[in-house]
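Following: one structure in structure tokens, then a few remarks.
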Amino acid sequence: MYALASVTRNPAVRLVLALLREPERVAELDLADWDAAVRVARAARVLAVIGARLRRHGVIDRVPEPVRIHFDAEENLARFQRQMVLFELHELSHVLGPLAVRVVALKGAAYVLQRLPAAEGRLLSDVDIMVPRADIERAETSLRSAGWVPDEIHPYDEGYYRKWAHEVPPLKAPGHAFEVDLHHTILPLTSRLRPDPGALFEQAQLMAGTGFWVLRPEDQVLHACLHLFHDSDCSEKLRELVDLEGLLDAFNAVPDFWPTLVERAASHGVERPLWYGMRYVSKILGAAGPTPEIFRMRGARPNTVVRSLMDWFVPDALLPHGPDALPALRTRMRRRVLLLRSHWLRMPPWLLAWHSANKSARRLSELWEERRTPSAEGP
Amino acid sequence: MPVSALQQSLRGAGLGLDFGLVRARLRSDVPGLAQKLQLLYAHFPVEPADGFFDITASLQWPAGTRRFVRPQVEFAVDGQLPFDPFPSDTDLPLLEWGLNWCISGRCHHVLLLHAGVVERAGRAILLPALPGSGKSTLTAALANRGWRFLADEFGALRLEDGVLLPVVRPSGLKNESIDVIRRFAPTAVLGPSFPKTHKGTVAHLAPDAPSVSARRQPAGPLAVVFPKFTPGAEVQLSEMPRGKAFAKLAANSFNYDVLGAKSFDALGRLISTTESYRLSYSNLDDAVAVLAKLHTNLLAHADSDNGLHTHAL
Amino acid sequence: MTSPATGHRGFPLLCVLAPEDCRRFAFEDGTVVFNPASWQSHLLNPSATRIFNALFSGPCSRDDLARLFDEHDAAEIAGTVDEMESLGLVGRIEPSA
Chain Z
15 MYALASVTRN
25 PAVRLVLALL
35 REPERVAELD
45 LADWDAAVRV
55 ARAARVLAVI
65 GARLRRHGVI
75 DRVPEPVRIH
85 FDAEENLARF
95 QRQMVLFELH
105 ELSHVLGPLA
115 VRVVALKGAA
125 YVLQRLPAAE
135 GRLLSDVDIM
145 VPRADIERAE
155 TSLRSAGWVP
165 DEIHPYDEGY
175 YRKWAHEVPP
185 LKAPGHAFEV
195 DLHHTILPLT
205 SRLRPDPGAL
215 FEQAQLMAGT
225 GFWVLRPEDQ
235 VLHACLHLFH
245 DSDCSEKLRE
255 LVDLEGLLDA
265 FNAVPDFWPT
275 LVERAASHGV
285 ERPLWYGMRY
295 VSKILGAAGP
305 TPEIFRMRGA
315 RPNTVVRSLM
325 DWFVPDALLP
335 HGPDALPALR
345 TRMRRRVLLL
355 RSHWLRMPPW
365 LLAWHSANKS
375 ARRLSELWEE
385 RRTPSAEGP
Chain D
38 MPVSALQQSL
48 RGAGLGLDFG
58 LVRARLRSDV
68 PGLAQKLQLL
78 YAHFPVEPAD
88 GFFDITASLQ
98 WPAGTRRFVR
108 PQVEFAVDGQ
118 LPFDPFPSDT
128 DLPLLEWGLN
138 WCISGRCHHV
148 LLLHAGVVER
158 AGRAILLPAL
168 PGSGKSTLTA
178 ALANRGWRFL
188 ADEFGALRLE
198 DGVLLPVVRP
208 SGLKNESIDV
218 IRRFAPTAVL
228 GPSFPKTHKG
238 TVAHLAPDAP
248 SVSARRQPAG
258 PLAVVFPKFT
268 PGAEVQLSEM
278 PRGKAFAKLA
288 ANSFNYDVLG
298 AKSFDALGRL
308 ISTTESYRLS
318 YSNLDDAVAV
328 LAKLHTNLLA
338 HADSDNGLHT
348 HAL
Chain X
190 MTSPATGHRG
200 FPLLCVLAPE
210 DCRRFAFEDG
220 TVVFNPASWQ
230 SHLLNPSATR
240 IFNALFSGPC
250 SRDDLARLFD
260 EHDAAEIAGT
270 VDEMESLGLV
280 GRIEPSA
């Protein structure tokens with residue numbers, strides 16, 4: 015079917031992409047198809063998203079009963095997580111409100127606050143918020159005094175987090191479902207790209223009645239692209255690509271959205287990640303939004319060699335595999351290349367070498383430690 | 038099914054098993070597993086491996102080495118490895134435990150209470166699994182005295198109507214319980230003992246044939262009985278205040294939090310329409326007798342329907 | 190006679206948060222309530238149940254609540270109300286002018 019053959023040959027993955035792209039074709043799947051599709055979609059964290067799309071298109075009742083309960087179960091899970099985000103934000107607002115600091119919600123938390131359709135069926139793992147760098151210490155101190163505590167991490171990582179990365183180590187209030195990631199910008203300080211945090215805060219929009227701000231729509235899209243194509247190795251990131259598609263869908267109707275997107279990308283210096291974002295969201299998910307102007311941005315388009323390599327590596331790295339097989343050797347190698355790329359983009363060479371050496375030493379010491387006992391009920 | 042055929046399924050398209058609440062497809066290349074499964078799942082009809090399954094999991098050798106020097110096995114589900122590998126001489130516990138983990142992590146269409154469930158005359162008793170309760174032992178004992186066995190681990194409460202859905206799987210018995218049940222029910226089928234798990238010695242009790250056949254039949258709850266194994270104690274049944282019963286059940290649930298208001302309503306209805314008790318015991322025969330009597334008394338007073346209709350909130 | 194909403198001397202009033210969303214089951218040893226914000230459930234002992242039921246009917250001041258109980262329970266009542274507030278079961282509203 016259509017251009018999917020060019021992004022993956024895995025039949026289960028093609029089914030998942032088909033369900034995402036054309037939910038109304040749900041009746042074409044037989045039970046064996048569903049078996050493979052549900053497994054891959056669950057592992058890729060998009061099962062609930064597919065469920066939400068099926069519901070929105072009014073075709074959920076065409077799903078066979080044994081499969082339908084999986085969508086019901088995932089929907090319950092997604093609702094729970096959405097409520098936990100709202101609750102966490104509510105509690106955070108009590109602590110951070112008195113500080114009179116502009117707190118910007120990012121990613122999943124922002125989608126929930128904005129009630130975007132993209133937030134439906136989205137599974138989260140933490141709550142991301144951003145405060146100006148000058149206020150981050152105050153914010154962290156207030157949170158800690160109010161009972162949020164850092165998850166146990168190795169002292170080296172904590173140092174790295176604070177000094178070079180763009181976030182404080184994750185904090186969690188006891189009894190709360192989610193961790194809070196407190197940032198002061200959207201990329202690590204050491205990155206080769208330096209989006210302007212001041213401009214991000216200045217143009218942020220207040221979500222009335224919540225005490226939180228969100229990035230302006232164009233900046234949210236840029237953040238999603240950066241997160242995918244600058245800050246990560248693209249590995250198993252279908253969910254994030256779906257987020258990006260959701261954002262484009264939601265903001266398409268915002269006046270002058272596309273020209274402003276190009277303008278903002280230029281002013282932050284992040285045209286290349288935007289270019290990749292638009293390219294792969296249309297290639298893999300068939301998103302109709304990106305206009306030709308996007309692809310003609312000056313300085314954005316990579317040279318032919320790089321473009322071919324990325325076209326070759328990215329779908330393979332980004333898309334899920336399975337339902338059974340662990341990724342093939344060639345996929346692991348491609349992901350390694352993309353991982354190196356993201357580290358390269360994230361850290362200068364000397365810091366990269368230091369960071370790698372430490373991680374290896376630590377892994378060796380972990381091998382000697384006692385085997386971790388499982389957390390669920392034993393036999 | 039003969040062991041050789043089982044082994045072929047495991048190494049090929051998979052062995053299909055229907056536990057009631059969920060259907061699982063198992064694959065494995067670990068030698069010796071087929072025999073163990075044949076023993077524990079003797080009464081389960083073999084399902085064709087094609088079609089839709091709720092869980093597809095495999096017990097396998099890790100990629101790479103570790104087959105000869107201190108060999109290990111790992112549990113994989115949908116291309117992911119949720120746990121560290123186990124030594125290969127504890128393969129079956131890992132598989133059973135892994136399957137329970139899958140059930141507890143994805144069945145959010147029902148409220149999963151952590152309890153054993155047995156039934157007689159169409160009405161069930163729920164036995165919540167607090168630490169030190171001896172829940173598995175007591176559930177196994179009841180199952181071997183004429184009660185239908187619905188579950189050892191999961192009290193699966195259907196949200197729409199409050200009935201309990203069977204999750205018929207081998208029961209995990211630990212340490213002394215293994216011998217206790219062997220003596221109590223000499224004809225019960227017990228799998229091999231695994232002495233070196235992190236929970237001590239573990240063996241699995243195979244579900245009996247009638248319970249397996251009835252795995253798709255729900256049961257209306259009649260009572261909640263919190264067992265407490267108390268060495269040397271005389272058997273004693275006392276009423277438990279229902280607020281406390283609610284709180285204890287909610288705290289001993291796999292997904293109470295996830296379901297929010299739905300689980301609140303379902304649990305409230307369960308507690309409102311049943312009686313809750315505490316049972317301390319040391320002698321299994323006494324405990325079984327007391328529960329039989331309780332069940333008979335409650336049934337005589339229960340609604341004439343078999344407890345399967347909803348009560349408006 | 191002061192209407193319940195104005196309370197005593199204009200102190201903030203206590204009320205049940207989102208009474209229309211409030212789910213509860215009354216049992217012999219207390220009431221279980223569902224907190225729609227945190228999705229947590231709480232078992233209220235008999236005194237807490239009385240406080241909760243009073244607030245469920247309409248906002249009350251702390252003094253109003255204290256009148257429901259004997260004098261020597263005053264500290265316990267205050268503690269219970271504080272705890273209920275921290276759990277998000279009850280909140281404060283400003284009395285209308």
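Chains as they are written, first to last, in my numbering: chain Z, 15 to 393; chain D, 38 to 350; chain X, 190 to 286. Beta carbons are placed, not taken as given, at the ideal position from N, Cα and C, and that holds for glycine. Note that the coordinates shown come from a computational prediction; the quantities given were computed from them, not determined experimentally.
C-beta contact flag for residue i and residue j at 7 Å
i, j, result
"V63(Z)", "V99(Z)", "no"
"M144(Z)", "L106(Z)", "no"
"S125(D)", "Q109(D)", "yes"
"T238(D)", "P232(D)", "yes"
"A305(Z)", "W272(Z)", "First, the residue type needs correcting, since residue 305(Z) is Thr and not Ala in the sequence shown. In this structure, W272(Z) lies closer than 7 Å to T305(Z) by Cβ."
"W162(Z)", "A187(Z)", "yes"
"L207(Z)", "G283(Z)", "yes"
"V249(D)", "V205(D)", "yes"
Run of the beta strand (DSSP E) containing residue i, from where it starts to where it stops
i, result
"E111(D)", "109-114"
"Q273(D)", "273-276"
"G219(X)", "219-223"
"E156(D)", "147-157"
"S230(X)", "230-233"
"K330(D)", "Where K330(D) is concerned, there is no enclosing beta strand (DSSP E), although the alpha helix (DSSP H) it sits in stretches over 321-338."
Closest residue to residue i among the options (Cα-Cα distance)
i, options, result
"E156(D)", "F105(D), P85(D), T176(D), S208(D)", "T176(D)"
"T22(Z)", "R355(Z), R349(Z), P329(Z), D338(Z)", "P329(Z)"
"P112(Z)", "T155(Z), P334(Z), T199(Z)", "T155(Z)"
"H235(D)", "A61(D), P39(D), P130(D)", "P130(D)"
"Y293(D)", "F214(X), Q229(X), E209(X)", "Q229(X)"
"C211(X)", "E217(X), F241(X), G219(X), P235(X)", "F241(X)"
"R315(D)", "L296(D), V272(D), I140(D)", "V272(D)"
"F101(Z)", "E217(X), S227(X), G247(X)", "S227(X)"
"G280(D)", "A264(X), T220(X), R213(X)", "T220(X)"
Pairwise C-alpha distance: residue j and residue i
i, j, result
"S319(D)", "T267(D)", "5 Å"
"A41(Z)", "Y78(D)", "35 Å"
"M273(X)", "G135(D)", "40 Å"
"V235(Z)", "S290(D)", "40 Å"
"G344(D)", "L167(D)", "At G344(D), the pLDDT of 47 sits below 50, so the modelled position is not reliable; the number obtained from the coordinates is stated separately. Rounded to the nearest angstrom, the two C-alpha atoms are 26 Å apart."
"A218(Z)", "A301(Z)", "26 Å"
"L210(D)", "S173(D)", "6 Å"
"A32(Z)", "R39(Z)", "8 Å"
"G88(D)", "D49(Z)", "7 Å"
"D115(D)", "F90(D)", "12 Å"
"L138(Z)", "D262(X)", "45 Å"
"D338(Z)", "A50(D)", "12 Å"
Any chain D beta carbon closer than 7 Å to residue i
i, result
"W162(Z)", "no"
"E272(X)", "no"
"P337(Z)", "yes"
"N24(Z)", "no"
"L201(Z)", "no"
"G219(X)", "yes"
"L254(X)", "no"
Residue i, enclosing alpha helix (DSSP H) - first and last residue
i, result
"Y294(Z)", "285-299"
"G280(D)", "279-288"
CB contact below 7 Å: residue i versus chain X
i, result
"G57(D)", "no"
"Q97(Z)", "yes"
"R315(D)", "no"
"F101(Z)", "yes"
"W382(Z)", "Note that W382(Z) scores 49 on pLDDT, short of 50, meaning its location in the model is unreliable; the coordinates nonetheless yield the value given after this. For W382(Z), the answer is no, since every Cβ of chain X falls outside 7 Å of its Cβ."
"K281(D)", "yes"
Interface flag, residue i vs chain Z, CB-CB below 7 Å
i, result
"M190(X)", "With a pLDDT of only 34 at M190(X), under 50, the local geometry of the prediction cannot be trusted, and the value read off the model is given with reservation. No, M190(X) lies away from the interface with chain Z (no Cβ there is under 7 Å from its Cβ)."
"S250(X)", "no"
"A267(X)", "no"
"L296(D)", "yes"
"D216(D)", "no"
"D115(D)", "yes"
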